[in-house]
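Reviewing the structure listed below.
Number of protein chains: 2
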Amino acid sequence: MVDYSIGVDLGGTNLRAAAITGAGEVLAKIAGTTNLSEGRHKVLEDMVNSVCKLRDQFGPKQLAGIGIGVPGFIVLETGTIVGSNNLAVFDGAPIRDEIEQRLGVPVCLENDANAAALGEKWIGAGREVDDLVLITLGTGVGGGIIFGGKILHGKVGMAGELGHMTVVPNGYPCGCGNRGCLEKHASATAITCMAKLLQLGSEMTAKDVYDLALSGNQKAVMIFESMGEALGIALASLINIFNFPLYLLSGGPLASWDLFAPTMIAEIRKRSFTYRNDQTRIEKAMLGNQAGLFGAAYLGFEAASLRSTALASTTA
Amino acid sequence: MVDYSIGVDLGGTNLRAAAITGAGEVLAKIAGTTNLSEGRHKVLEDMVNSVCKLRDQFGPKQLAGIGIGVPGFIVLETGTIVGSNNLAVFDGAPIRDEIEQRLGVPVCLENDANAAALGEKWIGAGREVDDLVLITLGTGVGGGIIFGGKILHGKVGMAGELGHMTVVPNGYPCGCGNRGCLEKHASATAITCMAKLLQLGSEMTAKDVYDLALSGNQKAVMIFESMGEALGIALASLINIFNFPLYLLSGGPLASWDLFAPTMIAEIRKRSFTYRNDQTRIEKAMLGNQAGLFGAAYLGFEAASLRSTALASTTA
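Residue numbers (my numbering), protein chains in the order written: chain A, 1 to 316; chain B, 1001 to 1316.
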């Protein structure tokens, strides 16, 4: 049997896991629900059960490690989540160590957008570059920065919080304490809020607003232009900061690419000398909502290899 | 005699050079003027003469290499400057190769703020960290990012253009094509422009505005608060992006630290969850206008070591 790693994507709504080989082949996937209302222990229990099911199927000896992508700020050293709106029940809990102890396999805990960026680098739209930025558009906006083929973590692991870049100094208030964060101006939530502000309807989904824009409604069209402007401001600054070859976007709102991208690119062109003078690719990510699973699995392999290096140096 | 490198700081106004040892000891300095009005060849001539003077004094055999810091975007591969407002006469000219050929010593061309950031890392306020961001405040605003002890260059060498981050989406127009660039809201030029807008006087220097603020003039005080706000917006985004341990500021306007820093820190605190939850130092750089000379000298040593590695692999 082949060696594999298990990638877990623990979201506020969905809990998914996949057994993936070192060549990036998906052996099997499990999809379930994150039962937050039943508390932290139940969610952990569900996650451990999913992992065990895959482990039983593909062999305990062949399992290299486990990677877990979660929304929120990660403190790498302690393997804890802090300040996650979606997984508040885990705030400060040592979930990496708990899972490691229960399963006896190296575990890596990572921010979900970082994991997705790594997945795109490993096996998706970023395969051919070493440096890239991924912006994930969803309920909120996340970010992952890959530099030299590795996740840029910063001091404790909080780097890449691109959804909290200020794009409108006095813009909409954000749960993080700031005003005018990118995620308040360019996420699925931002789209539905703007629809409400424009009195298009208070119960509309982002998809409804998209359909309305396609049907020619000028207010709905403006919403996507406004989102493109916010993304363009953030991306232009990121290009001026990094001069990377590739910037990727992913997530549900990507479906409206044709509506927001022209404004986004026009903003970037205006706001970045580097963009105008060097070839910079701004593209859709390739792996959709699987990117995080792939990245998490990659981290499982990495955790295993770090563990064996550490063991080797202890016994040497 | 001791091995040394020559660091050159080629500004729009001043041309300076220093012979510096591998331990960071300054053997000698030369300060002159950049005679831009007499054309590119005259400036090159002056630079070569300064270098020769130091080389004659400290020995040609002991000279490892030369590093040159210049304002503007650098294309590393070709060793050219593009889009420099201050050194337009050099636009696109292969000045690295010209100097290398004339002197027969490895030469490294680098953006001046990148060189300054490296100088601070080598021997200044960043000695004890591997990752830092430097923002240089002057006529314009420059930036340098050090990651893992090295300059973050990006694809062609244009990374770190922090002065062109958008901090006010519809702010003052900038020569780079954007509006609301950090350097239009937080530089010596920005200070004097705001003084003019507030009818404090059209001929005031940044120092005059500073003195006026110290004397209690509320309009002058507002100018520095406005500058602090712009810096705070940019720094909060940088902290959210990088989660680095240290962010440095340097340049003439630092003299007004007590006037702009309180607003700056308040903005950062509001706009960065990471700042509030992790220890992040925001400090004055230590080396003043010598940082670029030190960083350039360091790059001279590096150019020499790269050259000998390349030679070794050719002869191997």
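Every residue, glycine too, gets a C-beta built ideally from N, C-alpha and C.
Burial of residue 113(A) is indicated by the presence of at least 16 other C-beta atoms within 10 angstroms of its C-beta. Per DSSP, residue 82(A) lies in no alpha helix (DSSP H) segment; the continuous beta strand (DSSP E) that holds it begins and ends at 80 to 82. Under the three-state reduction of DSSP, residue 1229(B) is assigned to helix.
Here the alpha carbons of residue 237(A) and residue 3(A) stand approximately 42 Å from one another. The beta carbon of residue 81(A) does not come within 7 Å of any beta carbon belonging to chain B, so the residue lies off that interface. By the 16-neighbour rule on beta-carbons within 10 angstroms, residue 91(A) is exposed.
In the three-state scheme derived from DSSP, where H, G and I count as helix and E and B as strand, residue 163(A) is classed as helix. DSSP, reduced to helix, strand and coil, places residue 275(A) within a helical segment of the structure shown. Taking a beta-carbon distance threshold of 7 Å, residue 1185(B) does not count as an interface residue toward chain A. For secondary structure counted as the alpha helix (DSSP H) over 4 or more consecutive residues, the region 62 to 150 of chain A holds these complete runs in sequence order: 95 to 103, 112 to 123.
Residues 1065, 1106, 1108 of the same chain have their beta carbon placed closer than 6 Å to that of residue 1303(B), with the five preceding and five following residues left out of the count. Contact of residue 1176(B) with chain A is assigned, a C-beta pair being separated by under 7 Å. The three-state reading of DSSP puts residue 181(A) in strand, counting E and B together.
Nearest in C-alpha terms to residue 1032(B), of all of 1014(B), 1221(B), 1190(B), is 1014(B). Here the region 1143 to 1154 of chain B does not lie against the region 1206 to 1220 of chain B, with fewer than 3 beta-carbon pairs under 8 Å apart.
At a cut-off of 7 Å between C-beta atoms, residue 1233(B) counts as an interface residue with respect to chain A. Taking C-alpha positions only, residue 242(A) is separated from residue 1244(B) by approximately 15 Å. Residues of the region 228 to 260 of chain A with a Cβ closer than 8 Å to any Cβ of chain B, in chain order: 229, 233, 236, 237, 238, 240, 241, 242, 243, 244, 245. No Cβ of chain A is located within less than 7 Å of the beta carbon of residue 1090(B). Relative to the Cα of residue 1036(B), the nearest Cα in the group 1046(B), 1029(B), 1097(B), 1027(B) belongs to 1046(B). For residue 1211(B), the enclosing alpha helix (DSSP H) covers residues 1206 to 1214. DSSP links residue 1156(B) through a beta bridge to no other residue.
Residue 1081(B) and residue 1094(B) have their C-alpha atoms roughly 8 Å apart. Residue 187(A) sits close to residue 140(A), with the two beta carbons spaced by under 7 Å.
Proximity to residue 299(A) across 24(A), 38(A), 11(A) peaks at 24(A), based on C-alpha coordinates. The beta carbons of residue 70(A) and residue 162(A) sit no closer together than 7 Å.
In this structure the region 263 to 278 of chain A touches the region 1175 to 1193 of chain B; the number of beta carbon pairs closer than 8 Å is three or more. For residue 250(A), the enclosing beta strand (DSSP E) stretches over residues 246 to 250.
In chain order, 241, 242, 243 make up the part of chain A whose C-beta sits under 7 Å from the C-beta of residue 1159(B). In the structure shown, the three-state DSSP call for residue 1008(B) is strand. Residue 56(A) is classed as exposed because its beta carbon has fewer than 16 other beta carbons within 10 Å across all chains shown.
By the rule that beta-carbons nearer than 7 Å mark a contact, residue 1121(B) does not touch chain A. The beta carbon of residue 129(A) is closer than 7 Å to those of 245, 246 in its chain, skipping five residues each way along the sequence. By the Cβ test, the region 192 to 202 of chain A is not in contact with the region 1288 to 1297 of chain B, since fewer than three Cβ pairs between them sit closer than 8 Å. The shortest C-alpha to C-alpha distance from residue 77(A) to any of 293(A), 12(A), 157(A) is the one to 157(A). For residue 1048(B), the secondary structure class from DSSP, reduced to helix, strand or coil, is helix.
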